[in-house]
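Reviewing the structure listed below.
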Amino acid sequence: MKHSELIKLLGEMSLEEKIGQMCQLVPDFLGKTGELTGPLGHFVLNGNETKLLGSVLNANGAENVMKLQDEFMKNHPHNIPLLFMMDVINGYETIFPIPLAQGCSFEPELAKEGAQVASKEAAAEGIAVTFSPMADMVTDARWGRVMETPSEDKLLNYLFAKAMVEGYQGDDLTKKGNIGACIKHFAGYGAPEGGKEYYNCEISERTFMEDYLTGYKGAIDAGVTMAMTSFNSLNRIPSTANEWLMKKVLREQLGFDGVLISDWAAVGELVNHTIAQDEAQAAELSVNASVDIDMMTLCYSHNLSKLVEEGRITIEQIDECTLRILELKNKLGLFENPYKDASVEDEKKLILCDEHRQKARKAAAKTMVLLKNDDKILPLDLNKSTAFMGPYADNRQIYGAWSWVDNENAIKTVREIAGERNIKVSFAKGSTVLGAKNRVKSYTEQMTEQEENKLLEETIELAKCSEQVVLFVGEYRLQSGEASSRTDIELPKIQQKLIDEVSKVNDNVVLVVFAGRPLVLTDLLPKVKSVLYAWFPGTEGANALMDILTGEQSPSAKLSISFPRCSSQCPVSYRSFSTGRPSDANAEFNYASGYIDCPITPLLPFGYGLTYTDFEISKVTLSGNTMTENDTITATVTVTNTGGREGEQVVQLYVQDVKASVIRPTRELKAFKKIKLSAGESAQVELSVSEEMLRFYTRDMSFKSEKGLFRVYVGFDSTTDNFAEFSLV
Ligand code: BGC
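Each position in the sequence shown, counted from 1, maps to that position plus 1335 in the working numbering.
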């Protein structure tokens, strides 16, 4: 449709029809069932809410969606098609590793490929827009949704958000297999006090502008079609009602011109937030903040018309919101092709097809991080008697929250894959995932304490007579994700006991950890020879894992988030700030910044990860020791694979602004390059620093660089002390 036709259509629509466009409900209200990803509330519908609805979330299945669309359009006065949206986060039915794991690949291209697979499958099922990517910056692993972000780091957040939008949307939304993306959750949702879910985030303007906005910007730079408001309040103003945040920052400063949707029921929740006295005021505040679509409340549909009548909001505001929604539908080609790409045939062809599975397997192998590997116990020498043990050795639930797994049988367990490959290992379950007493949603496995004890005894006996043991442990899959914040982020106690007992009788233990967040591994690391962090790797996780354990693939991932030493050390990040009393690891009780019972540094730093070979790096050299504004400085290192096999390494460049008008991070990731070298091979790696990379919000809040000394660190993780200096003149 031409723009002029859209304007004409808008002109012909009644106020009620326009308001309908601004409402989104689950299909349950249209007589079909859909997944509920939030509370249903107590809705009283008067009929027109569903007849004039603009969009639906969580309806899927080509046949289902086409039927819904047909029935709906027939009864709509202007036959305006519905927009179908869904949370397609890390894959649709072919599940990829959780976003946090994907960040560890340090390969945004991999996330793009994953998003392409997801969009093809979702599009075939009738989905036109996904509520992804999430780019909330998170440094607190207690927050359950840490699994949904690619990294604690803003550069990675930027690159991954951008890549994912490019993957979903392609270059033309009307093309088959491309769907719209929605950046979320705007803004600052990842910084709740103490990691508490749905809570206030207190972030200074400087930190917010400089750090927290970067990820969202990545998606906007890639032309993301939609944005979602966050549940939290930012500096005590709920986002959904924050006019400054949505209009000034999101639309004006970041240049977002797409459709803004509330999060689930977030408009109505303004009453709970105690900033709206009733649903009418909640709607008024949200429209004033330019929130175009009210997801899952009736605040808009029941109040907007009256608010216009009373002059509390204007018809121009309604028109503006409606036009943005119509424009999106038009960009997706829905007026010409209301089913978008829904196709029963394509569904059969694409969902879980070989090509998608292969890509998911590659992605999973590239996201598992090798944290320890004493005596090079990995890859496994399968000539030794080997036991696979633990609650995840024969468990399909190795996919994270936000996985639309219709059929868990599409996922194979580690045990099944070992069987398929004729790998000779013995098995013992060891324990359940959570043990007898737990309160975790939808966890059903129950055993008496006696049964658990018996299981443990059998397992210890097997460990005694095995030359090596691989212990598959982890969080329960819904212990991380939305509404799954924890104060204690250790492994479940029953599994800690299992590790203790097994490691007492066997010196050759490899730990494989499934998780949605960095868990506290402080006491566990010394007890075992090796730790492979598998995250929740998805549909092909077991295959990828076996590829790594057997050495068919080498691990190449690096931590995209720091691992804390204990739960109360959260939040922790490599991007710490200079203080008046810098901590000194060698001094005790020295009035230095930090704690008296725990070092200030994380247990495992950002950027860290081992592989099956060894690398050396030369001293970094710079192309000059001064730089002017229009110049770049090139940092050069020579990297050598000194081990016995091919491997990949991520060369990381961090910058420290040595003196500035405000406190600067002690170092900040500015560039990186992933390289592959065969045994004995060397390569020269060059990474550039530009003036633009040195900009920050200065004392007077202008975004610019300041002249002076800069330190450039280049190494294999964020603790490297390989540096050189230059001056910006
Ligand atoms: C989540 C969003 C999600 C939405 C729709 C909310 O509870 O915060 O991330 O997109 O539900 O399912």
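Every residue gets a Cβ at the ideal spot worked out from N, C-alpha and C, and that includes glycine.
ask   = With respect to 7 angstroms, is the separation between the Cβ of K1893 and the closest non-hydrogen atom of ligand 1 below this value?
value = Here the question's residue 1893 lines up with position 558 in the sequence shown. Outside the cutoff, so no.
ask   = Between the stretch 1362-1378 and the stretch 1595-1602, do at least 3 Cβ pairs fall closer than 8 angstroms?
value = yes
inquiry  = Let's see if you can read the secondary structure: which residues bound the alpha helix (DSSP H) around F2058?
reply    = By 1-based counting over the sequence shown, the position of residue 2058 is 723. Where F2058 is concerned, there is no enclosing alpha helix (DSSP H), although the beta strand (DSSP E) it sits in stretches over 2058-2063.
query = What is the C-beta distance between E1780 and V1768, in whole angstroms, given that I count them as a contact (C-beta under 8 angstroms)?
reply = The sequence position of residue 1780 within the sequence shown is 445, counting from 1. The sequence position of residue 1768 within the sequence shown is 433, counting from 1. About 6 angstroms; that satisfies the 8 angstroms criterion.
ask   = Does the Cβ of R2002 have 16 or more other Cβ atoms within 10 Å, making it buried, or fewer, making it exposed?
value = By 1-based counting over the sequence shown, the position of residue 2002 is 667. Burial call: buried.
task = Identify, in the order they occur along the chain, each residue of the same chain with its Cβ nearer than 6 angstroms to the Cβ of K1353, setting aside the five sequence neighbours on each side.
result = Translated into positions along the sequence shown, residue 1353 becomes position 18. I1653, T1657, listed in sequence order.
ask   = Are the beta-carbon atoms belonging to D1676 and K1511 less than 8 angstroms from one another?
value = Numbered from its first residue, the sequence shown carries residue 1676 at position 341. Numbered from its first residue, the sequence shown carries residue 1511 at position 176. Going by C-beta atoms, D1676 is nearer than 8 angstroms to K1511.
ask   = Is T1372 near ligand 1, with its Cβ less than 7 angstroms from a heavy atom?
value = Numbered from its first residue, the sequence shown carries residue 1372 at position 37. Yes - ligand 1 has a heavy atom lying nearer than 7 angstroms to the Cβ of T1372.
key: Cβ neighbour criterion (16 or more within 10 Å) applied to S2053   = To locate residue 2053, count along the sequence shown from 1; it is residue 718. With 16 or more other Cβ atoms within 10 Å, it is buried.
ask   = Between V1840 and Q1831, what straight-line distance do the alpha-carbon atoms span, to the nearest angstrom?
value = To locate residue 1840, count along the sequence shown from 1; it is residue 505. To locate residue 1831, count along the sequence shown from 1; it is residue 496. Roughly 15 angstroms between the two C-alpha positions.
task = Check whether the Cβ of H1520 sits closer than 7 angstroms to any heavy atom of ligand 1, and report yes or no.
result = On the sequence shown, residue 1520 is found 185 positions in, with the first residue counted as 1. Yes, the Cβ of H1520 comes within 7 angstroms of a heavy atom of ligand 1.
request  = Check whether the Cβ of F1364 lies closer than 7 angstroms to any heavy atom of ligand 1, and answer yes or no.
outcome  = Residue mapping note: residue 1364 aligns to position 29 of the sequence shown, counting from 1. Every heavy atom of ligand 1 is 7 angstroms or more from the Cβ of F1364, so no.
task = Could you tell me the distance, in whole angstroms, from the CA atom of V1606 to the CA atom of K1447?
result = In the sequence shown, the residue the question calls residue 1606 occupies position 271. In the sequence shown, the residue the question calls residue 1447 occupies position 112. Those two C-alpha atoms are separated by around 39 angstroms.
key: Own chain, CB closer than 8 angstroms to K1864, minus 5 neighbours either side, in chain order   = Position 529 of the sequence shown, counting from 1, holds the residue named residue 1864. Hits under 8 angstroms: K1707, N1708, D1709, D1710, I1712, D1842, N1843, V1844, V1845.
ask   = Going straight from the alpha carbon of T1368 to that of V1361, what length do you get?
value = As a working note, residue 1368 is residue 33 in the sequence shown. As a working note, residue 1361 is residue 26 in the sequence shown. Roughly 8 angstroms between the two C-alpha positions.
ask   = Closer than 7 angstroms: is that where the CB of D1422 sits relative to any heavy atom of ligand 1?
value = Taking the sequence shown and counting its residues from 1, the one referred to as residue 1422 is at position 87. Checking every heavy atom of ligand 1 against the Cβ of D1422, one is found closer than 7 angstroms.
query = What did DSSP end up calling H1608 once you bin it into helix, strand or coil?
reply = Against the sequence shown, residue 1608 aligns to sequence position 273. It is coil, neither helix nor strand.
inquiry  = I'd like to know whether the C-beta atoms of F1871 and A1695 end up nearer to each other than 8 angstroms.
reply    = For this step, residue 1871 is matched to residue 536 along the sequence shown. For this step, residue 1695 is matched to residue 360 along the sequence shown. No, the pair does not count as a contact, with Cβ atoms beyond the cut-off.
Whole-angstrom distance between V1990 and E1456, CA atom to CA atom = As a first step, residue 1456 must be located in the sequence shown, where it is residue number 121. As a first step, residue 1990 must be located in the sequence shown, where it is residue number 655. Looking at the two C-alpha atoms, the distance is approximately 41 angstroms.
query = Which stretch, first to last residue, makes up the alpha helix (DSSP H) that contains R2046?
reply = The residue you call residue 2046 lines up with position 711 of the sequence shown. R2046 -> not in any alpha helix (DSSP H); beta strand (DSSP E) instead, spanning 2043-2050.
query = Hey, how far is the Cα of V1993 from the Cα of Y2048?
reply = Residue mapping note: residue 1993 aligns to position 658 of the sequence shown, counting from 1. Residue mapping note: residue 2048 aligns to position 713 of the sequence shown, counting from 1. Straight-line Cα distance between these residues: approximately 12 angstroms.
query = Contact check, T1975 vs Q2019 under 8 angstroms by CB: the rounded distance?
reply = Locating residue 1975 in the sequence shown gives position 640, where the first residue counts as 1. Locating residue 2019 in the sequence shown gives position 684, where the first residue counts as 1. Not quite, the Cβ-Cβ distance comes to about 10 angstroms (not below 8 angstroms), so this is no contact.
request  = Take I1829 as the anchor and find which of S1918, R1900, P1726 has the nearest alpha-carbon.
outcome  = Numbered from its first residue, the sequence shown carries residue 1829 at position 494. Taking only the C-alpha atoms, the option nearest I1829 is P1726.
request  = Figure out for me which residue from T1967, D1949, F2038 has the closest Cα to the Cα of N1957.
outcome  = To locate residue 1957, count along the sequence shown from 1; it is residue 622. According to the sequence shown, residue 1957 is Leu rather than Asn. When each option's Cα is compared against that of L1957, the closest is T1967.
ask   = Which of helix, strand or coil does DSSP assign to Q1359?
value = Translated into positions along the sequence shown, residue 1359 becomes position 24. Strand at Q1359.
request  = Would you kindly work out how many angstroms separate the C-alpha atoms of R1916 and M1962, rounded to a whole number?
outcome  = Within the sequence shown, numbered from 1, the residue matching residue 1916 stands at position 581. Within the sequence shown, numbered from 1, the residue matching residue 1962 stands at position 627. Looking at the two C-alpha atoms, the distance is approximately 31 angstroms.
Same chain, Cβ closer than 7 angstroms to F1441, neighbours up to 5 away in sequence not counted = Along the sequence shown, read from residue 1 onward, the residue named residue 1441 stands at position 106. Cβ neighbours of F1441 beyond the five flanking positions: K1893, V1985, F2007, K2009.
request  = Would you mind working out which of D1488, A1498, M1499, G1515 sits nearest A1458, comparing C-alpha positions?
outcome  = Mapped onto the sequence shown, residue 1458 falls at position 123. Ranking D1488, A1498, M1499, G1515 by Cα distance to A1458 puts G1515 first.
ask   = Hey, N1567 and E1537 are a contact pair by Cβ (cut 8 angstroms); roughly how many whole angstroms apart?
value = Here the question's residue 1567 lines up with position 232 in the sequence shown. Here the question's residue 1537 lines up with position 202 in the sequence shown. Not quite, the Cβ-Cβ distance comes to about 10 angstroms (not below 8 angstroms), so this is no contact.
task = With DSSP as the reference, label P1726 as helix, strand or coil.
result = Taking the sequence shown and counting its residues from 1, the one referred to as residue 1726 is at position 391. DSSP places P1726 in coil when its eight states are reduced to three.
request  = Closer than 6 angstroms by C-beta to A1771: which residues in its own chain qualify, once you throw out the five before and the five after it? Chain order, please.
outcome  = To locate residue 1771, count along the sequence shown from 1; it is residue 436. So the list reads E1784, once near-sequence residues are dropped.
query = Pairing CB atoms from the stretch 1339-1358 with CB atoms from the stretch 1383-1395, are three or more of them under 8 angstroms?
reply = yes
query = Mind pulling the alpha helix (DSSP H) runs of 4 or more residues that sit fully within the stretch 1697-1750?
reply = none
message = With DSSP as the reference, identify every bridge partner of D1992, one or two as the case may be.
response = As a first step, residue 1992 is located in the sequence shown; it is residue number 657 there, counting from the start. DSSP lists F2045 as partners of D1992.
ask   = Could you give the C-beta distance for S1454 and D1422, rounded to a whole number, given that I count them as a contact under 8 angstroms?
value = Numbered from 1 along the sequence shown, position 119 holds the residue referred to as residue 1454. Numbered from 1 along the sequence shown, position 87 holds the residue referred to as residue 1422. Actually they do not touch by this definition, with Cβ atoms about 13 angstroms apart.
ask   = Which stretch, first to last residue, makes up the alpha helix (DSSP H) that contains H1637?
value = Numbered from its first residue, the sequence shown carries residue 1637 at position 302. Note, H1637: alpha helix (DSSP H), 1634-1644.
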